[in-house]
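Let me begin by presenting the structure, written as structure tokens, before commenting on it.
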Amino acid sequence: MAQARPLPVPGVGQIHSLHQATDVDWYRLDGLTAGQYYRVATSRLTDGADTLMILYDKDMLEVAQNDDVDAPRCPADPQACASTILWQAADSGPYFLVVSAVSYPPQKPPSCPCPGYTIAAALSGPPTLTPTPADSMRLFLPLILHR
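Quick note on this note's numbering: the sequence shown kicks off at 458 and runs consecutively.
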């Protein structure tokens, strides 16, 4: 993708905006290490931004995607509408990342401050298992054997 902007790993957050409902921002991640875990995330959402990220490998096959870091809280907490992808690189890349808007505020450019976000990529450790409420709500009943 010739129009993809470089996204350094690790890197300082880059500020971007989505100028219209169909705007799509492309990023390119180069020089990764096979087997290493990486994390890319949007944050500091502004003016109604709700990001969707899709990560592709060098053959443009989807590796992962994320809409909301905390979907149940998204309507009440706009920062929960940010996106995060954690993955283990299969090779050095390049990898391509697409960021788009899930929804767009009713204002139209140029009259609006357009929805914005900060994006950054970083080295990461492997994901950790986090118990879910379903895991802690199991009920164990005694087994009674009659002779």
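The C-beta atom is built at its ideal place from N, Cα and C for all residues, glycine as well.
Of the candidates D507, V520, D548 and P465, the residue whose Cα lies closest to the Cα of G573 is D507. Under the 8 Å Cβ criterion, the segment 479-486 counts as touching the segment 549-561, having at least three qualifying pairs. With contacts defined as CB atoms closer than 8 Å, R496 and L543 qualify as a contacting pair. Nearest to S581 by alpha-carbon distance, out of H473, L489 and Q493, is Q493. With respect to N523, S549 sits apart: the two C-beta atoms are not nearer than 8 Å. Taken through DSSP and simplified to helix, strand or coil, P463 comes out as strand. P583 and Q545 have their C-alpha atoms spaced approximately 8 Å apart.
The beta carbon of S474 lies closer than 6 Å to those of C571 and G573 in the same chain, with the five residues before and after it left out. With fewer than 16 other Cβ atoms from the protein chains shown falling within 10 Å of its own Cβ, A547 counts as exposed.
Secondary structure note for D482: its beta strand (DSSP E) is the uninterrupted segment V481 to L486. Residue environment for I472: exposed (fewer than 16 other C-beta atoms within 10 angstroms of its C-beta).
Excluding residues up to 5 positions away in sequence, W483, Y484, R485 and F553 lie with their Cβ nearer than 7 Å to the Cβ of A461 in the same chain.
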